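Residue numbers (this note's numbering), protein chains in the order written: chain R, 592 to 1040; chain B, 592 to 1040.
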């Protein structure tokens, strides 16, 4: 028996060592002992050349699964590096639902070959999944559910299962369907094992189980599983016909992806591939830097409007970054809270207005507090009472605007169909920079000189 | 049969409507139909007064579970609003492992009463959990696993299960133990149902299942479950004695918490309670604003060093925020990537150096690109070639420093035992602001005037 998996960092260090020592036979043996998900995770954590070497020494029977576990960028790199014949060999054993996920990334020739060798049953399965968008229940589901009729006894069910000889992974329920394959409910393995054998399925099964429509969005599926502690749930079409099931391991992936998305988007990152080629990373990130430059230029333009004022009182140039930065920080706190709230379904139409009031109240209180502190600091530093009052007013104003902007921007973006996490932070910084500089320098121009 | 849960936002709007209409009998009936997790999620999404009303109309049999589902802040608010007797009634039916999670939040008197009424078996269970820190396998585990001996037949196991009459939620494996309760392996429900009944457990069970030591850290547990698509795993002590099990619903919570933590910490937020009282929110967030102010003051001090230079050329004041802001954005991209990499175990000693090289290369390429763009912009805007060259050099320098800082700060913080996500962003901004202003104004002072 093996203790929980070798520490990820130790594994990467070990692989690195073996490759450097060119000890390829030990390397191959070690890879053969790993789970495909562990190989995938290691490949993602390695720099480019070692990725390819690791892929080359991955046992061919694990390669198909490794492809399904790595992220999109790494997958297309690995596919590029592999002969067509090897790709066919690696993928032909994959289950239809897993294959559906990676099919669009495979070369045309491999797809043709796979479809050619597939039996009609599997082809139909594959089509039924490809019909639905990738991040809906229909696109995510497995099609390996075990179904039974309501009018048999548990004893018959048990004999049927022994005849089958095995059950798909992560099976906790058999689905009860009628003659037209419409879902009636579910029978847990636990009930089959613990209830008297002479009872009928109809006496024991749960007719109230949660089911999912094929076009349900991934995020909603994750919320359901999280709230109900589910392990699997059936997926049905518009006629209530059973199509397949979603299992908890899919949901864990959804949750991880969604969380990654919020985190990375706030920094303008879309790739989670830490060892992406330098040129690819540079190109992707430079887009975000370019958008940010437009924001910064807008702020510079505001400052330029007040050049004459700054020339007369250079203390303004010294203090102005404080106004913009305090607004940016306060706004990003509200923004992050609202973006997370939207992602987990806690913030929306129903409570947006009250959340806005609460954030405004926090903005006003913190505004008063920090306006006082910074006002006093400026007064003592430059021995200029008016400067202190003006920076205080600018801080207060900018913190209130920051709360307003932080709470409303993500909701407006969401309504407009844009991604709140990706566009939110850049729009917010624009607002807090421009308002901050304008308020501070404008007040100074009006009242100070 | 009910379709996947009522949309969260619709539920909140409906509750809001019922409370406003003072239709408490419909409200009570509706709450009785909800899952405790749904009530908990709704309570978290409601403003303070409505939280209390919802709690008051929550059926008493659901209250204990609701307490376990809400976040820490909300839980202590609810506990504060509830009579001791009602608290005892709500919590006395909870399983020991669930109770262990909320026990520290309960008033002394409630704890005494609960312990007094508990049988010795349950008291021992509770103690065995409380012995381990909250975010280790020992603190997270359930103690409801079903154990069997290796030398019985599947037929005997089946009869034993029918005699038990039910199995704990999320049971996919029975654990095989010897006389001293040491873990030998596990037998899946699926195998019990599909393998010939006359076989012995010893012929069928899996001796290679993954097990978890009681002191394993939550994050490591989540990585194991994610990589291996597990539904449950046994927890053992240092003598390999079976203590309990971790189930996938605990792991989903770990993943959600960890992701929330990275996201919220980067904005200096520690509370995930969107409707926390205004004063509490203000206090918590003001700490972060205060720390940020110190950073901003440091930047201002650098600017103040060059007051004379700015007085002579006010264009410097106009352009200087661009240098700091481009550095901050580029640095936060690297920082976010590394923080996420550390959290999921992809970044560490084994590959830190190579990641640093890659990020440096990206920083240099983007530095050259944006130095050129911004240099040209500054040249045309102010018709000053030297100003263009100087801002270009400052941008290039700051983007390289940003890559260095973004890649190393989280690793240094982690080594020092600090939280990379919380402290990382403030340290990074300090570096990119100070370096940006210093490089730009310093070069200008030396070469421009």
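Using N, Cα and C, we set each Cβ at its ideal position, and we do this for glycine too. All values reported here derive from a predicted model rather than from experimental measurement.
Which first and last residues belong to the alpha helix (DSSP H) in which residue i is found?
i                       : result
residue 1001 of chain R : 976–1006
residue 667 of chain R  : 663–671
residue 895 of chain R  : 869–896
residue 792 of chain B  : 792–795
residue 967 of chain B  : 940–973
residue 678 of chain R  : 675–682
residue 923 of chain R  : 906–934
residue 1037 of chain B : 1011–1038
residue 814 of chain R  : 809–819
residue 606 of chain B  : 599–611
residue 937 of chain B  : Where residue 937 of chain B is concerned, there is no enclosing alpha helix (DSSP H), given that its DSSP letter is neither H nor E.
residue 686 of chain B  : Taken as a continuous stretch (DSSP letters only), residue 686 of chain B belongs to no alpha helix (DSSP H), as it is neither H nor E.
residue 617 of chain R  : 615–624
residue 651 of chain B  : 651–660
In terms of residues, what are the limits of the beta strand (DSSP E) holding residue i?
i                      : result
residue 779 of chain B : 774–779
residue 835 of chain B : 833–838
residue 743 of chain R : Counting along the chain, residue 743 of chain R falls outside any beta strand (DSSP E), and DSSP gives it neither H nor E.
residue 724 of chain B : Neither: residue 724 of chain B is in no beta strand (DSSP E) and is coded neither H nor E.
residue 765 of chain R : 764–768
residue 825 of chain B : 823–827
Using the rule of at least 16 other Cβ atoms within 10 Å of the residue's Cβ for burial, across every protein chain shown, is residue i buried or exposed?
i                       : result
residue 1103 of chain B : It is not possible to answer for residue 1103 of chain B, since the shown part of chain B is limited to 592 through 1040.
residue 1069 of chain R : Nothing can be reported for residue 1069 of chain R: it is not among the residues displayed for chain R, which extend from 592 to 1040.
residue 811 of chain R  : buried
residue 666 of chain R  : buried
residue 892 of chain B  : exposed
residue 684 of chain R  : exposed
residue 856 of chain R  : buried
residue 700 of chain B  : exposed
residue 733 of chain B  : buried
residue 688 of chain B  : buried
residue 612 of chain R  : exposed
residue 1068 of chain R : Within the shown structure, residues of chain R are numbered from 592 to 1040, placing residue 1068 of chain R beyond reach of any answer.
residue 987 of chain R  : buried
I'd like the list of long-range same chain contacts for residue i, defined as Cβ closer than 6 angstroms, with 5 residues on each side in sequence excluded.
i                      : result
residue 735 of chain R : 759
residue 817 of chain R : none
residue 595 of chain R : Any reading at residue 595 of chain R is ruled out, since the residue's pLDDT is 43, under 50, leaving its predicted position unreliable.
residue 642 of chain B : 634
residue 842 of chain R : 813 and 816
residue 592 of chain R : With a pLDDT of only 45 at residue 592 of chain R, under 50, the local geometry of the prediction cannot be trusted, and no value is derived from it.
residue 644 of chain B : 610
By Cβ distance below 7 angstroms, which residues in the same chain neighbour residue i in space, the five residues on each side in sequence not counted?
i                       : result
residue 853 of chain B  : 930, 931, 934 and 1012
residue 782 of chain R  : 795
residue 653 of chain R  : 627 and 630
residue 1029 of chain R : 893
residue 1021 of chain B : 886 and 889
residue 840 of chain B  : 761
So residue i packs on residue j, CB below 8 angstroms; how close in whole Å?
i                       : j                       : result
residue 890 of chain B  : residue 1024 of chain B : 4 angstroms
residue 538 of chain B  : residue 825 of chain B  : Shown here, chain B extends from 592 to 1040; a query on residue 538 of chain B therefore has no answer.
residue 719 of chain R  : residue 761 of chain R  : Not quite, the Cβ-Cβ distance comes to about 20 angstroms (not below 8 angstroms), so this is no contact.
residue 1035 of chain R : residue 991 of chain R  : That belief does not hold up - the Cβ atoms of residue 1035 of chain R and residue 991 of chain R are roughly 19 angstroms apart, past 8 angstroms.
residue 1014 of chain B : residue 984 of chain B  : Going by Cβ atoms, the distance from residue 1014 of chain B to residue 984 of chain B rounds to 30 angstroms, so no, they are not a contact pair.
residue 680 of chain B  : residue 744 of chain B  : Not confirmed; about 45 angstroms, so no contact.
residue 997 of chain R  : residue 915 of chain R  : With a Cβ gap of about 15 angstroms, residue 997 of chain R and residue 915 of chain R do not count as contacting.
Who are the near neighbours of residue i in its chain, counting only those whose CB is closer than 8 angstroms to its CB and skipping five residues on each side?
i                       : result
residue 1038 of chain R : 977 and 981
residue 801 of chain B  : 815, 819, 821 and 824
residue 777 of chain R  : 764, 765, 766, 767, 796, 797, 800 and 825
residue 1032 of chain R : 893, 894, 896, 897, 900, 901, 907 and 911
residue 742 of chain R  : 791, 792 and 793
residue 803 of chain R  : 728, 812, 815, 824, 825, 826, 827 and 837
residue 887 of chain R  : 1024
residue 774 of chain R  : 766, 767, 768, 802, 825, 827, 831, 832 and 833
Quick check: is the beta carbon of residue i nearer than 9 angstroms to any beta carbon in chain D?
i                      : result
residue 678 of chain R : Looking for chain D here will not work: the only protein chains present are R and B.
Specify whether the stretch 603–611 of chain B and the stretch 938–950 of chain R touch according to this definition: at least 3 beta carbon pairs, one from each stretch, less than 8 angstroms apart.
-> yes
Would you check if the stretch 907–925 of chain B and the stretch 998–1006 of chain R touch, i.e. whether three or more CB-CB distances between them fall below 8 angstroms?
-> no
Could you say if the stretch 961–975 of chain B and the stretch 901–918 of chain B meet the contact criterion of at least three C-beta pairs nearer than 8 angstroms?
-> yes
Meets three-Cβ-pair contact criterion under 8 angstroms: the stretch 878–887 of chain B and the stretch 946–966 of chain B = no
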